[in-house]
Amino acid sequence: MDRDTLLPAGFSDKIFPRSQKNSLIIENIINCFLNYGYLRISPPLIEFEDTLLNQGPGLALKNNSFRVMDPISKKMMAVRSDMTTQISRISSKRLAHYPRPLRLSYSGEVLRVNPSGLKLERQIAQVGAEIIGDITCDLEIEIIIIGLKVLKELDVGDLTLDLNYQNLRLSFLKTLYESPDNDLFVKAIEKKDVNFLKNRSFPNKDNILNIIQASGQFTNKNEFLEKLNQDNQQNNYLLHLLEVSSSLQKLFRGLNIVIDPLEKSTFDYHHGLTFTIFSKSLYGSIAKGGTYKTINKEEATGISLYVDLLGEMKNILVEKEKVLVEQNDFKNAGNLIKQGYQVIFYKNLNNDIVDYAKSINCKYFFKNSKLSKF
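Going by this note's numbering, the sequence shown opens with residue 150, and the numbers climb by one from there.
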(Lines of atoms letter the chains of each structure in order from A and count residues from 1; the text may use other names and numbers.)
(Lines give C-alpha, C1' and ligand atoms only; values in the text may rest on other atoms or scores of the structure.)
Protein backbone atom coordinates (compact mmCIF):
# COMPACT_ATOMS: atom_id res chain seq x y z
CA MET A 1 0.00 0.00 0.00
CA ASP A 2 1.25 3.51 -0.86
CA ARG A 3 2.44 5.53 2.13
CA ASP A 4 0.04 8.36 1.29
CA THR A 5 -2.93 5.97 1.66
CA LEU A 6 -1.95 4.51 5.03
CA LEU A 7 -4.39 5.06 7.91
CA PRO A 8 -3.67 5.06 11.66
CA ALA A 9 -3.97 1.76 13.52
CA GLY A 10 -7.58 0.97 14.32
CA PHE A 11 -9.05 3.08 11.51
CA SER A 12 -10.20 1.89 8.07
CA ASP A 13 -12.23 2.90 5.03
CA LYS A 14 -15.60 1.18 4.94
CA ILE A 15 -16.59 0.85 1.32
CA PHE A 16 -19.42 -0.78 -0.63
CA PRO A 17 -21.06 -3.17 0.08
CA ARG A 18 -20.11 -3.11 3.78
CA SER A 19 -20.77 0.62 4.22
CA GLN A 20 -24.19 0.35 2.58
CA LYS A 21 -25.10 -2.69 4.68
CA ASN A 22 -24.10 -0.89 7.89
CA SER A 23 -26.25 2.13 6.98
CA LEU A 24 -29.27 -0.08 6.33
CA ILE A 25 -28.73 -1.90 9.62
CA ILE A 26 -28.62 1.40 11.53
CA GLU A 27 -31.85 2.64 9.95
CA ASN A 28 -33.59 -0.67 10.66
CA ILE A 29 -32.54 -0.51 14.33
CA ILE A 30 -33.55 3.15 14.74
CA ASN A 31 -36.93 2.52 13.07
CA CYS A 32 -37.56 -0.38 15.44
CA PHE A 33 -36.91 1.87 18.46
CA LEU A 34 -39.09 4.58 16.87
CA ASN A 35 -41.99 2.10 16.70
CA TYR A 36 -41.76 1.83 20.50
CA GLY A 37 -41.77 5.59 21.07
CA TYR A 38 -38.02 6.28 21.36
CA LEU A 39 -37.27 9.82 20.15
CA ARG A 40 -34.21 10.08 17.92
CA ILE A 41 -31.50 12.57 18.83
CA SER A 42 -28.17 13.38 17.17
CA PRO A 43 -25.43 14.83 19.43
CA PRO A 44 -22.23 16.38 17.98
CA LEU A 45 -19.11 14.26 17.47
CA ILE A 46 -16.99 16.61 19.57
CA GLU A 47 -17.62 18.74 22.68
CA PHE A 48 -15.68 20.81 25.18
CA GLU A 49 -13.64 18.50 27.40
CA ASP A 50 -15.13 20.00 30.57
CA THR A 51 -18.65 19.27 29.33
CA LEU A 52 -18.09 15.79 27.95
CA LEU A 53 -15.70 14.20 30.43
CA ASN A 54 -16.01 15.88 33.81
CA GLN A 55 -19.47 14.77 34.89
CA GLY A 56 -21.78 11.75 34.90
CA PRO A 57 -20.75 8.74 32.78
CA GLY A 58 -18.08 10.90 31.10
CA LEU A 59 -15.88 10.63 34.19
CA ALA A 60 -15.33 6.94 33.46
CA LEU A 61 -14.41 7.62 29.81
CA LYS A 62 -11.60 10.16 30.26
CA ASN A 63 -8.71 7.81 29.62
CA ASN A 64 -10.16 6.47 26.38
CA SER A 65 -11.05 9.78 24.70
CA PHE A 66 -9.15 11.77 22.06
CA ARG A 67 -8.52 15.47 22.78
CA VAL A 68 -7.92 18.38 20.41
CA MET A 69 -7.49 22.14 20.83
CA ASP A 70 -10.34 24.29 19.46
CA PRO A 71 -8.58 26.98 17.36
CA ILE A 72 -11.50 29.39 17.86
CA SER A 73 -12.16 29.27 21.61
CA LYS A 74 -8.63 28.03 22.51
CA LYS A 75 -10.30 25.49 24.81
CA MET A 76 -9.62 21.77 24.93
CA MET A 77 -12.21 19.62 23.22
CA ALA A 78 -12.84 15.87 23.41
CA VAL A 79 -14.17 13.45 20.80
CA ARG A 80 -16.87 11.16 22.16
CA SER A 81 -15.79 7.59 22.92
CA ASP A 82 -19.31 6.53 23.88
CA MET A 83 -22.62 8.30 23.23
CA THR A 84 -24.13 7.52 26.63
CA THR A 85 -22.37 10.47 28.25
CA GLN A 86 -24.02 12.78 25.69
CA ILE A 87 -27.43 11.25 26.35
CA SER A 88 -26.80 12.00 30.04
CA ARG A 89 -26.10 15.67 29.28
CA ILE A 90 -29.03 16.16 26.88
CA SER A 91 -31.59 14.44 29.11
CA SER A 92 -30.37 16.37 32.17
CA LYS A 93 -30.29 19.82 30.50
CA ARG A 94 -31.97 20.23 27.11
CA LEU A 95 -34.74 17.69 27.81
CA ALA A 96 -35.02 18.11 31.59
CA HIS A 97 -38.60 19.38 31.17
CA TYR A 98 -39.78 16.31 29.20
CA PRO A 99 -42.04 13.88 31.08
CA ARG A 100 -40.42 10.76 32.51
CA PRO A 101 -39.71 8.05 31.63
CA LEU A 102 -37.95 9.73 28.69
CA ARG A 103 -37.13 7.36 25.83
CA LEU A 104 -34.34 8.34 23.39
CA SER A 105 -32.53 6.61 20.52
CA TYR A 106 -29.32 7.58 18.72
CA SER A 107 -26.71 6.54 16.18
CA GLY A 108 -23.24 7.81 15.32
CA GLU A 109 -19.52 7.18 15.20
CA VAL A 110 -17.39 7.07 18.34
CA LEU A 111 -13.58 7.22 18.61
CA ARG A 112 -11.55 5.42 21.27
CA VAL A 113 -7.88 5.74 22.18
CA ASN A 114 -7.73 2.02 22.92
CA PRO A 115 -9.76 -0.66 21.12
CA SER A 116 -12.32 -2.66 23.07
CA GLY A 117 -11.71 -6.35 23.73
CA LEU A 118 -10.18 -8.34 20.90
CA LYS A 119 -11.44 -6.01 18.17
CA LEU A 120 -8.77 -3.64 16.86
CA GLU A 121 -11.09 -0.91 15.57
CA ARG A 122 -10.88 2.46 17.32
CA GLN A 123 -13.66 4.09 15.27
CA ILE A 124 -16.95 2.32 15.92
CA ALA A 125 -20.50 2.82 14.67
CA GLN A 126 -22.75 2.87 17.73
CA VAL A 127 -26.55 2.75 17.73
CA GLY A 128 -28.83 2.33 20.69
CA ALA A 129 -31.47 3.63 23.05
CA GLU A 130 -31.87 4.91 26.61
CA ILE A 131 -34.67 5.27 29.13
CA ILE A 132 -34.27 8.08 31.68
CA GLY A 133 -36.38 8.34 34.83
CA ASP A 134 -37.30 6.15 37.77
CA ILE A 135 -35.85 2.87 36.48
CA THR A 136 -37.79 -0.20 37.52
CA CYS A 137 -37.47 -3.91 36.66
CA ASP A 138 -40.12 -3.39 33.98
CA LEU A 139 -38.11 -0.66 32.21
CA GLU A 140 -34.91 -2.73 32.34
CA ILE A 141 -36.83 -5.64 30.83
CA GLU A 142 -38.27 -3.31 28.16
CA ILE A 143 -34.88 -2.10 26.91
CA ILE A 144 -33.49 -5.65 26.79
CA ILE A 145 -36.52 -7.15 25.03
CA ILE A 146 -36.59 -4.43 22.36
CA GLY A 147 -32.86 -4.99 21.77
CA LEU A 148 -33.49 -8.72 21.37
CA LYS A 149 -36.38 -8.03 19.00
CA VAL A 150 -34.14 -5.76 16.90
CA LEU A 151 -31.61 -8.59 16.55
CA LYS A 152 -34.34 -11.10 15.73
CA GLU A 153 -35.67 -8.84 12.96
CA LEU A 154 -32.13 -8.69 11.58
CA ASP A 155 -32.20 -12.50 11.55
CA VAL A 156 -29.51 -12.85 14.22
CA GLY A 157 -30.21 -16.15 16.00
CA ASP A 158 -28.84 -18.34 18.81
CA LEU A 159 -28.85 -15.43 21.26
CA THR A 160 -27.35 -15.59 24.74
CA LEU A 161 -27.91 -12.91 27.38
CA ASP A 162 -25.38 -12.47 30.20
CA LEU A 163 -26.84 -10.67 33.23
CA ASN A 164 -24.68 -9.02 35.90
CA TYR A 165 -25.22 -6.54 38.74
CA GLN A 166 -22.51 -3.99 39.54
CA ASN A 167 -23.77 -2.92 42.97
CA LEU A 168 -23.88 -6.56 44.00
CA ARG A 169 -20.31 -7.07 42.85
CA LEU A 170 -19.12 -3.91 44.61
CA SER A 171 -20.94 -4.77 47.84
CA PHE A 172 -19.18 -8.13 48.01
CA LEU A 173 -15.75 -6.92 46.92
CA LYS A 174 -15.66 -3.50 48.63
CA THR A 175 -13.48 -4.70 51.50
CA LEU A 176 -11.11 -6.43 49.07
CA TYR A 177 -10.80 -3.31 46.91
CA GLU A 178 -9.82 -1.20 49.90
CA SER A 179 -6.50 -3.02 50.30
CA PRO A 180 -3.94 -3.46 47.48
CA ASP A 181 -2.82 -6.67 49.20
CA ASN A 182 -6.13 -8.26 48.21
CA ASP A 183 -5.58 -7.77 44.48
CA LEU A 184 -4.76 -11.47 44.14
CA PHE A 185 -8.15 -12.40 45.59
CA VAL A 186 -10.01 -10.01 43.27
CA LYS A 187 -8.30 -11.55 40.22
CA ALA A 188 -9.07 -15.07 41.49
CA ILE A 189 -12.74 -14.12 41.89
CA GLU A 190 -12.82 -12.66 38.36
CA LYS A 191 -11.30 -15.90 37.02
CA LYS A 192 -13.63 -17.99 39.23
CA ASP A 193 -10.65 -19.88 40.60
CA VAL A 194 -12.65 -21.78 43.23
CA ASN A 195 -9.80 -24.10 44.22
CA PHE A 196 -7.54 -21.17 45.08
CA LEU A 197 -10.28 -19.32 46.97
CA LYS A 198 -11.37 -22.31 49.04
CA ASN A 199 -7.94 -22.56 50.60
CA ARG A 200 -7.65 -18.88 51.54
CA SER A 201 -9.29 -16.58 54.06
CA PHE A 202 -10.84 -13.31 52.88
CA PRO A 203 -13.93 -11.16 53.68
CA ASN A 204 -17.33 -12.52 52.65
CA LYS A 205 -15.75 -15.79 51.56
CA ASP A 206 -18.77 -18.08 51.99
CA ASN A 207 -21.19 -15.79 50.12
CA ILE A 208 -18.74 -15.09 47.29
CA LEU A 209 -17.95 -18.78 46.77
CA ASN A 210 -21.65 -19.60 46.86
CA ILE A 211 -22.43 -17.05 44.14
CA ILE A 212 -19.56 -18.26 41.93
CA GLN A 213 -20.74 -21.87 42.20
CA ALA A 214 -24.40 -20.95 41.63
CA SER A 215 -23.68 -18.74 38.61
CA GLY A 216 -24.29 -20.01 35.11
CA GLN A 217 -27.20 -21.07 32.93
CA PHE A 218 -30.56 -19.81 34.22
CA THR A 219 -33.22 -22.50 34.12
CA ASN A 220 -35.82 -21.06 36.48
CA LYS A 221 -36.01 -18.83 39.55
CA ASN A 222 -36.70 -21.57 42.10
CA GLU A 223 -33.85 -23.77 40.90
CA PHE A 224 -31.40 -20.88 41.11
CA LEU A 225 -32.60 -19.91 44.59
CA GLU A 226 -32.04 -23.47 45.82
CA LYS A 227 -28.34 -23.14 44.97
CA LEU A 228 -27.93 -20.07 47.19
CA ASN A 229 -27.08 -20.02 50.87
CA GLN A 230 -29.35 -18.27 53.37
CA ASP A 231 -27.59 -14.89 53.15
CA ASN A 232 -27.64 -14.81 49.36
CA GLN A 233 -31.30 -15.87 49.23
CA GLN A 234 -32.12 -12.62 51.04
CA ASN A 235 -29.88 -10.40 48.90
CA ASN A 236 -32.06 -7.80 47.13
CA TYR A 237 -29.62 -7.42 44.24
CA LEU A 238 -29.74 -11.16 43.54
CA LEU A 239 -33.53 -11.22 43.85
CA HIS A 240 -33.65 -8.33 41.34
CA LEU A 241 -31.52 -10.34 38.90
CA LEU A 242 -33.74 -13.39 39.25
CA GLU A 243 -36.91 -11.33 38.78
CA VAL A 244 -35.59 -9.86 35.52
CA SER A 245 -34.34 -13.25 34.31
CA SER A 246 -37.66 -14.94 35.01
CA SER A 247 -39.62 -12.26 33.12
CA LEU A 248 -37.25 -12.30 30.14
CA GLN A 249 -37.55 -16.07 29.93
CA LYS A 250 -41.33 -15.78 29.58
CA LEU A 251 -41.31 -12.84 27.15
CA PHE A 252 -38.59 -14.03 24.75
CA ARG A 253 -38.75 -17.71 23.91
CA GLY A 254 -35.59 -19.62 23.13
CA LEU A 255 -33.27 -17.13 24.83
CA ASN A 256 -30.26 -18.52 26.67
CA ILE A 257 -29.79 -16.60 29.93
CA VAL A 258 -26.57 -16.73 31.93
CA ILE A 259 -26.40 -15.13 35.37
CA ASP A 260 -22.95 -14.00 36.46
CA PRO A 261 -23.40 -11.45 39.29
CA LEU A 262 -19.68 -10.94 39.98
CA GLU A 263 -18.72 -10.18 36.36
CA LYS A 264 -17.16 -6.73 35.95
CA SER A 265 -18.89 -4.25 33.63
CA THR A 266 -17.01 -2.97 30.58
CA PHE A 267 -17.89 0.60 31.57
CA ASP A 268 -17.28 1.80 35.13
CA TYR A 269 -20.27 4.16 35.17
CA HIS A 270 -22.86 1.39 35.57
CA HIS A 271 -24.13 0.78 39.09
CA GLY A 272 -27.15 -1.52 38.65
CA LEU A 273 -28.19 -4.32 36.32
CA THR A 274 -25.85 -4.77 33.34
CA PHE A 275 -26.09 -7.14 30.39
CA THR A 276 -24.26 -8.37 27.32
CA ILE A 277 -25.79 -10.11 24.29
CA PHE A 278 -23.95 -12.73 22.25
CA SER A 279 -24.79 -14.85 19.22
CA LYS A 280 -23.28 -18.16 18.15
CA SER A 281 -23.32 -16.74 14.62
CA LEU A 282 -20.93 -13.90 15.49
CA TYR A 283 -17.65 -13.54 17.34
CA GLY A 284 -17.77 -11.21 20.32
CA SER A 285 -20.53 -9.25 22.06
CA ILE A 286 -23.08 -7.65 19.72
CA ALA A 287 -24.85 -5.49 22.32
CA LYS A 288 -24.24 -4.18 25.83
CA GLY A 289 -26.11 -2.07 28.30
CA GLY A 290 -27.11 -1.40 31.86
CA THR A 291 -28.36 0.98 34.51
CA TYR A 292 -26.44 4.12 35.51
CA LYS A 293 -26.95 7.67 36.81
CA THR A 294 -27.01 10.81 34.65
CA ILE A 295 -25.28 14.07 35.56
CA ASN A 296 -28.54 15.07 37.33
CA LYS A 297 -28.32 11.85 39.38
CA GLU A 298 -31.39 10.50 37.58
CA GLU A 299 -31.47 6.79 36.97
CA ALA A 300 -31.21 5.63 33.36
CA THR A 301 -30.86 2.35 31.53
CA GLY A 302 -29.80 1.76 27.96
CA ILE A 303 -28.47 -0.53 25.26
CA SER A 304 -25.76 -0.07 22.62
CA LEU A 305 -25.60 -2.29 19.55
CA TYR A 306 -22.38 -2.65 17.57
CA VAL A 307 -23.17 -2.29 13.88
CA ASP A 308 -19.74 -3.22 12.52
CA LEU A 309 -20.05 -6.67 14.07
CA LEU A 310 -23.64 -7.10 12.89
CA GLY A 311 -22.50 -6.23 9.37
CA GLU A 312 -20.54 -9.49 9.28
CA MET A 313 -23.79 -11.45 8.94
CA LYS A 314 -23.90 -12.69 5.35
CA ASN A 315 -27.63 -12.43 4.72
CA ILE A 316 -28.59 -9.85 7.31
CA LEU A 317 -30.30 -7.65 4.69
CA VAL A 318 -31.35 -8.53 1.15
CA GLU A 319 -30.11 -6.15 -1.53
CA LYS A 320 -32.53 -4.83 -4.14
CA GLU A 321 -32.32 -6.12 -7.70
CA LYS A 322 -30.54 -3.68 -10.03
CA VAL A 323 -31.98 -2.38 -13.31
CA LEU A 324 -30.10 -0.46 -16.03
CA VAL A 325 -32.20 2.45 -17.31
CA GLU A 326 -31.55 4.94 -20.11
CA GLN A 327 -29.67 7.99 -18.77
CA ASN A 328 -31.96 10.55 -17.07
CA ASP A 329 -35.20 8.64 -17.75
CA PHE A 330 -36.48 9.68 -14.32
CA LYS A 331 -40.12 8.90 -15.07
CA ASN A 332 -39.61 5.18 -15.65
CA ALA A 333 -36.84 5.09 -13.05
CA GLY A 334 -39.28 6.38 -10.42
CA ASN A 335 -41.83 3.69 -11.28
CA LEU A 336 -39.19 0.96 -11.02
CA ILE A 337 -38.02 2.26 -7.67
CA LYS A 338 -41.61 2.11 -6.40
CA GLN A 339 -41.70 -1.53 -7.49
CA GLY A 340 -38.68 -2.29 -5.30
CA TYR A 341 -35.81 -2.12 -7.79
CA GLN A 342 -32.54 -0.20 -7.59
CA VAL A 343 -32.00 1.94 -10.68
CA ILE A 344 -28.65 2.61 -12.39
CA PHE A 345 -28.58 5.07 -15.29
CA TYR A 346 -26.57 4.16 -18.40
CA LYS A 347 -26.25 6.03 -21.68
CA ASN A 348 -27.13 4.12 -24.89
CA LEU A 349 -28.49 0.78 -23.76
CA ASN A 350 -27.30 -1.69 -26.41
CA ASN A 351 -25.61 -5.06 -26.73
CA ASP A 352 -22.30 -3.71 -25.39
CA ILE A 353 -23.64 -3.35 -21.86
CA VAL A 354 -23.67 -7.05 -20.93
CA ASP A 355 -20.13 -7.07 -19.52
CA TYR A 356 -20.81 -3.93 -17.52
CA ALA A 357 -24.07 -5.39 -16.17
CA LYS A 358 -22.26 -8.55 -15.03
CA SER A 359 -19.53 -6.51 -13.33
CA ILE A 360 -22.10 -4.77 -11.10
CA ASN A 361 -24.27 -7.87 -10.62
CA CYS A 362 -27.18 -6.39 -12.58
CA LYS A 363 -29.72 -8.83 -14.09
CA TYR A 364 -32.20 -6.44 -15.74
CA PHE A 365 -32.44 -3.52 -18.16
CA PHE A 366 -35.37 -1.27 -19.06
CA LYS A 367 -35.79 -0.29 -22.71
CA ASN A 368 -38.72 0.59 -24.96
CA SER A 369 -41.09 0.65 -21.97
CA LYS A 370 -40.21 -2.94 -21.15
CA LEU A 371 -38.29 -4.61 -18.32
CA SER A 372 -36.03 -7.34 -19.73
CA LYS A 373 -33.54 -9.80 -18.27
CA PHE A 374 -30.00 -10.24 -19.57
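The C-beta atom is built at its ideal place from N, Cα and C for all residues, glycine as well.
Here the structure is a predicted model, which is why all the values come from computation and not from measurement.
Practice task
Over the uninterrupted beta strand (DSSP E) stretch that includes Phe197, give me the two end residues.
Solution key: Ile195 to Phe197
Exercise for the section: State the start and end residues of the unbroken alpha helix (DSSP H) segment that holds Val262. Expected result: Here Val262 belongs to no alpha helix (DSSP H), and DSSP marks it neither H nor E.
Practice task
Might you give, ordered along the chain, the residues of its own chain that have their beta carbon closer than 8 Å to the beta carbon of Ala449, omitting 5 neighbours on each side?
Solution key: Ile236, Ser237, Ser240, Glu279, Ile280, Ile281, Gly282, Ile284, Thr440, Tyr441, Lys442 and Thr443
Problem - For His246, the three-state DSSP class (helix, strand or coil) - result: Coil at His246, not helix or strand.
Exercise for the section: Please determine, among Lys341, Pro248 and Leu312, the residue with the shortest C-alpha to C-alpha distance to Ser414. Expected result: Out of Lys341, Pro248 and Leu312, Leu312 has the C-alpha closest to the C-alpha of Ser414.
Problem - Reference Cys181, options Lys163, Thr154, Leu454 and Ala158, closest by Cα - result: Leu454
Practice task
Provide the residue span of the beta strand (DSSP E) that contains Thr450, from first to last.
Solution key: Glu448 to Tyr455
Exercise for the section: Please determine, among Val299, Cys511, Leu208 and Lys354, the residue with the shortest C-alpha to C-alpha distance to Tyr185. Expected result: Val299
Practice task
Report the partner residues of Gln491 according to the DSSP bridge assignment.
Solution key: Lys471
Handout entry: Test item: CB-CB of Ser394 and Phe367 under 8 Å
Key = In contact: Ser394 and Phe367 (Cβ atoms closer than 8 Å).
Exercise for the section: Report the option in Gly438, Glu412 and Ser434 whose CA atom is closest to the CA atom of Lys336. Expected result: The shortest Cα separation from Lys336 among Gly438, Glu412 and Ser434 belongs to Glu412.
Handout entry: Reference Lys512, options Asn381, Gln491 and Phe334, closest by Cα
Key = Gln491
Practice task
Report the three-state DSSP secondary structure of Ile190 (helix, strand or coil).
Solution key: Correct three-state label for Ile190: coil.
Exercise for the section: Would you tell me roughly how many angstroms separate the C-alpha atoms of Pro157 and Glu372, rounded to the nearest one? Expected result: 51 Å
Handout entry: C-alpha distance - Leu404 paired with Ile174, whole-angstrom precision
Key = 22 Å
Handout entry: DSSP state of Ser434 mapped onto helix, strand, coil
Key = strand
Exercise for the section: Could you work out which residue in Asp478, Ile486 and Asp504 is closest to Gln494 when comparing CA atoms only? Expected result: Here the sequence assigns Phe to residue 494, which means Gln is not the residue at that position. Comparing Cα-Cα distances from Phe494 to each of Asp478, Ile486 and Asp504, the minimum goes to Asp478.
Practice task
Report yes if the CB atom of His419 is closer than 8 Å to the CB atom of Gln315, and no otherwise.
Solution key: Yes, these two residues count as a Cβ contact at 8 Å.
Handout entry: CB of Ile178 within 8 Å of CB of Leu308, strictly
Key = The answer is no: Cβ separation not under 8 Å.
Exercise for the section: Count the other CB atoms, across all protein chains shown, that sit within 10 Å of the CB of Val305; report buried if there are 16 or more and exposed otherwise. Expected result: Looking at its Cβ environment, which holds 16 or more other Cβ atoms inside 10 Å, Val305 is buried.
Handout entry: Whether Phe523 touches Val472 by CB criterion (8 Å)
Key = no
Problem - Simplified DSSP state of Gln272, which is helix, strand or coil - result: strand
Practice task
Report the partner residues of Met419 according to the DSSP bridge assignment.
Solution key: For clarity, residue 419 is His in the given sequence; the question names Met instead. Answer is Tyr441, bridged to His419.
Exercise for the section: Just mark Asp231 as buried or exposed, buried being the case when its beta carbon has 16 or more other beta carbons within 10 Å. Expected result: buried
Practice task
Verify the contact flag: Tyr490, CB atom, against every heavy atom of the ligand MG, threshold strictly below 7 Å.
Solution key: Annotation note on the ligand MG: not contained in the displayed structure, which lists no ligands.
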